[in-house]
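Working notes for the structure below.
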Amino acid sequence: MSGSYLTILLLLVCAVGFGVGPLVLAWIWAKAYSPEKPGPYKNATYECGLESKGVVWVQFKAEYYLYGIVFLIFDVEAIFLLPFAVAFTGLTAGACVAMLVFLFLLVEGLVWASRKGVLLST
Amino acid sequence: MIDEQLKIELSRQGIFTTTLEELYNWGRKNSVWPLTFGLACCAIEMIATTMARYDLARFGAEVFRPSPRQADLMIVSGTVTKKMAPQVVRLYNQMPEPKYVIAMGACAISGGPFKQGYNVLKGIDRYVPVDVHIPGCPPRPEALIHAFMTLQKKIDGQHLSGADRPRHLNEALPSEFVVPEYGAHDLEPRSNDLVWPLPMSKAVTQG
Amino acid sequence: MTIEQVQSEIQSAIPGAKVEIILNPSPSAQHSLLLDHEHVLAVATYLRDVSELRLDYCSNVTGIDWLPREKSEKVKVKNLVEGVEQEVEEVHKTVVPGYLEVVYHLFSVEKKHGPVILRLRTEDRAAKVHLPSLTPIWRAAEFQEREIFDLYGVIFDGHPDLRRILMWEGFVDHPMRRDYVEPDDYEYEPTPHDHVLQRSREESGRH
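From first to last, the protein sequence lines are chains A, B and C. For the first sequence, the numbering used here begins at 91 and goes up steadily by one. For the second sequence, the numbering used here begins at 1349 and goes up steadily by one. For the third sequence, the numbering used here begins at 753 and goes up steadily by one.
What follows is the structure in structure tokens.
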């Protein structure tokens, strides 16, 4: 009884050791050989070589949320439509209706986005 | 230290011997990650080098990192204008040690055909230490691969300890280099004395 | 439509507009029209919208720097030479003051013809370097006028965004002007001679 759990525990220790071990080794190596050299340029915010202007913590506009939603609509649609199309001939009527309901929900989202004017590129 | 002849003899017998230093350098030289960084037409050759025909991935350098935080090598591929020079130096400063620079093409090493121009830096080696210079306008991908192998040789020859150990293992040597400022007529300073001495001075004074 | 016809058409449409034909003696014979500052916007609008030419496309804007130059004219003057009145040729030298010139090359996409070339001149090279911007008429002129502002120092009144485009903010010179003196940028040469050798001796004394 306890033997079977012991192997799992052993596996867990090995798995964690496999991940953490190299990090510890790297840390020891860095302490032993390569000195830290921080500096104002090195620690500065990376911005393609330009000096960053203003604060780094800025708020994004909520409109990005709409872009995210629209992206999700197309993305999820593609993922689920492909197996649907492949298995189309072997589907029962119930499955087909369920899929159409799903598509309807997505199209509804698209119509909603289009009504909001998100899809216009002006 | 193990004798070189003995090492060869042992490897013939099927026994592999190595040192920590060799292992360290072997790992480093085969995973040099360049920075995604192209300035002018030389960048096209650099891109060609990474593609299937020339295949820089053979040397472990196919991973071009878009952030200097993850890059080991800066390939200055193309004309460095004076307006661009502070950005190049700042990117170099933001790379973690150990870091290397390949100056690719006539413009990057000396200003090239634009040497007498008003807005072209006469070689990036005025501001950052360059490990390998590649002449050519632009250099062929083979030249970049050769430069890359030269850099690998250089990494392979570095020592883990001792007075001649490389910069990233030596606390006394700087990891940041001065970023030039835009002046009224030129960049200030014109060059970094740490990396750009006047080599002629001694030769002339000695006759 | 010949250049003379364009000139007369402009003059009849916009009263008071000074339009001078500048002949191009080269085989290309691309003659151009020199316009005055007051009427140039009206003329440009007319050329784009109203006239038969329909010049809707500004392909190119160029800057030229003209230094002050001497112009010699032969004048016959009556002089008393040894009591006898004789006609003697005298050479009068006059100095034409320098100015900056901007050249616009206009085409018509609609009518498929061109170019019609317009020229504008500033009053001098130092203080009165203002010209009316044609960016409100042809949007394509925006960056090129910025470049001329940057490299020649022509100030375009009415330009929506007149900033330096190639050089950095804070740069004071205009590098494409003929009297631009580039910063003293001594460069090491492997085999120095003449003034480079002289400079390298001086530099070695300093370091």
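Glycine included, each C-beta is placed from N, C-alpha and C at the ideal position.
Express the C-alpha separation of residue j and residue i in angstroms, rounding to a whole number.
i          : j          : result
Leu964(C)  : Arg873(C)  : No statement about residue 964(C) is possible, as the shown extent of chain C runs from 753 to 959 and does not include it.
Ser1549(B) : Asp936(C)  : Interpretation of Ser1549(B) is limited by its pLDDT of 49, a score under 50 that renders its predicted location unreliable; the figure taken from the coordinates is listed afterwards. Looking at the two C-alpha atoms, the distance is approximately 17 angstroms.
Arg821(C)  : Gly850(C)  : 7 angstroms
Ala1326(B) : Lys1431(B) : Any property of residue 1326(B) remains undetermined from this structure, which presents chain B solely from 1349 to 1555.
Trp818(C)  : Val948(C)  : 31 angstroms
Leu1371(B) : Glu1524(B) : 27 angstroms
Trp202(A)  : Leu162(A)  : 14 angstroms
Leu99(A)   : Tyr1440(B) : 46 angstroms
Pro1537(B) : Phe108(A)  : 49 angstroms
Pro767(C)  : Glu894(C)  : 28 angstroms
Tyr809(C)  : His857(C)  : 9 angstroms
Gly1555(B) : Trp1544(B) : In this prediction, Gly1555(B) has a pLDDT of 45, which is less than 50 and means its spatial position is unreliable; what the coordinates show is noted afterwards. When rounded, the distance between both Cα atoms is 22 angstroms.
Glu756(C)  : Val827(C)  : 30 angstroms
His911(C)  : Asp876(C)  : 20 angstroms
Val758(C)  : Asn812(C)  : 20 angstroms
Gly1426(B) : Ser1415(B) : 19 angstroms
Gly1459(B) : Val1428(B) : 8 angstroms
Cys1390(B) : Pro1483(B) : 11 angstroms
Ala1433(B) : Leu1469(B) : 7 angstroms
When the Cα of residue i is compared with those of the options, which residue comes out closest?
i          : options                                        : result
Leu1508(B) : Ala120(A), Gly109(A), Thr97(A)                 : Ala120(A)
Arg1417(B) : Gly1426(B), Thr1384(B), Ser1458(B), Glu1529(B) : Thr1384(B)
Lys206(A)  : Phe108(A), Val110(A), Tyr157(A), Leu99(A)      : Tyr157(A)
Thr887(C)  : Ser824(C), Ala878(C), Lys880(C), Phe901(C)     : Phe901(C)
Leu193(A)  : Gly180(A), Ala168(A), Leu209(A)                : Ala168(A)
Asp801(C)  : Glu899(C), Phe859(C), Ser885(C), Glu875(C)     : Phe859(C)
Asp1403(B) : Ile1363(B), Tyr1440(B), Leu1492(B)             : Leu1492(B)
Val829(C)  : Val843(C), Ile816(C), Gly835(C)                : Val843(C)
His1516(B) : Pro128(A), Leu210(A), Val197(A)                : Pro128(A)
Val1480(B) : Gly1459(B), Gly1460(B), Ile1503(B), Gly1465(B) : Ile1503(B)
Tyr1475(B) : Ile1350(B), Asp1351(B), Ser1539(B), Met1443(B) : Ser1539(B)
Tyr1466(B) : Pro777(C), Val792(C), Leu918(C), Val868(C)     : Leu918(C)
Gly1408(B) : Arg1513(B), Gln1442(B), Pro1382(B)             : Pro1382(B)
His791(C)  : Ser778(C), Ser764(C), Glu934(C)                : Ser764(C)
Arg915(C)  : Gly835(C), Leu799(C), Glu899(C), Gly815(C)     : Glu899(C)
Ala1451(B) : Ile1472(B), Thr1398(B), Asn1518(B)             : Ile1472(B)
Leu906(C)  : Asp925(C), Glu825(C), Ala794(C)                : The residue asked about is misnamed: residue 906(C) is Val in this sequence, not Leu. The candidate whose alpha carbon is nearest that of Val906(C) is Asp925(C).
Ala794(C)  : Asn776(C), Gln782(C), Lys770(C), Ser780(C)     : Lys770(C)
Which residues of chain B have a Cβ atom closer than 9 angstroms to the Cβ of residue i, listed in chain order?
i         : result
Ala134(A) : Arg1438, Asn1441, Gln1442
Assuming the contact rule is C-beta atoms closer than 8 angstroms, residue i and residue j should be a hit. Round their C-beta distance to whole Å, please.
i          : j          : result
Arg1438(B) : Gly144(A)  : Not a contact, Cβ separation roughly 17 angstroms.
Val1436(B) : Val1424(B) : 7 angstroms
Asn1378(B) : Gln1506(B) : Not a contact, Cβ separation roughly 14 angstroms.
Thr797(C)  : Ile889(C)  : 6 angstroms
Ser784(C)  : Val855(C)  : 7 angstroms
Gly815(C)  : Met928(C)  : 7 angstroms
Glu921(C)  : Phe908(C)  : Glu921(C) to Phe908(C), Cβ: 17 angstroms. No contact.
Ala1396(B) : Cys1455(B) : Between Cys1455(B) and Ala1396(B) the Cβ distance is about 18 angstroms, and since that is not below 8 angstroms, they are no contact.
Of all Cβ atoms in chain C, is any one closer than 8 angstroms to the Cβ of residue i?
i          : result
Asn1540(B) : no
Lys1355(B) : no
Tyr1402(B) : no
Glu1536(B) : no
Val1543(B) : no
Ser1549(B) : In this prediction, Ser1549(B) scores a pLDDT of 49, lower than 50, which makes its location untrustworthy; no coordinate-derived value is stated.
Tyr1475(B) : no
Gly1555(B) : Note on Gly1555(B): pLDDT 45, under 50, position unreliable in the model; the coordinate value appears next. Not an interface residue.
His1560(B) : For residue 1560(B) there is no data in the structure shown, the boundaries of chain B being 1349 and 1555.
Between residue i and chain B, is any beta-carbon pair separated by less than 8 angstroms?
i         : result
Pro125(A) : yes
Val906(C) : no
Glu899(C) : no
Leu140(A) : yes
Pro927(C) : yes
Give the interface partners of residue i over in chain C, defined as CB-CB distance under 8 angstroms, in chain order.
i          : result
Tyr1530(B) : Trp920, Glu921, Gly922, Phe923
Lys1431(B) : Leu918, Met919, Trp920
In chain B, which residues lie with their C-beta within 7 angstroms of the C-beta of residue i?
i         : result
Tyr131(A) : Arg1438, Asn1441, Gln1442, Glu1524, Val1527
Glu934(C) : Tyr1466
Shorter than 8 angstroms from the beta carbon of residue i to some beta carbon of chain A?
i          : result
Arg1417(B) : yes
Gly1459(B) : no
Gln1506(B) : no
Glu1370(B) : no
Leu1421(B) : no
Gln1361(B) : no
Glu1445(B) : yes
Glu1519(B) : yes
List, in order along the chain, the chain A residues whose C-beta lies closer than 7 angstroms to that of residue i?
i          : result
Glu1393(B) : The premise fails here: Glu1393(B) is roughly 22 angstroms from chain A at the closest Cβ pair, so nothing lies under 7 angstroms.
By the criterion of Cβ-Cβ separation under 8 angstroms, what are the contact partners of residue i in chain A?
i          : result
Pro1435(B) : At residue 1435(B) the sequence reads Gln, which differs from the Pro that was named. Under the 8 angstroms cutoff, chain A gives Cys138, Gly139, Leu140.
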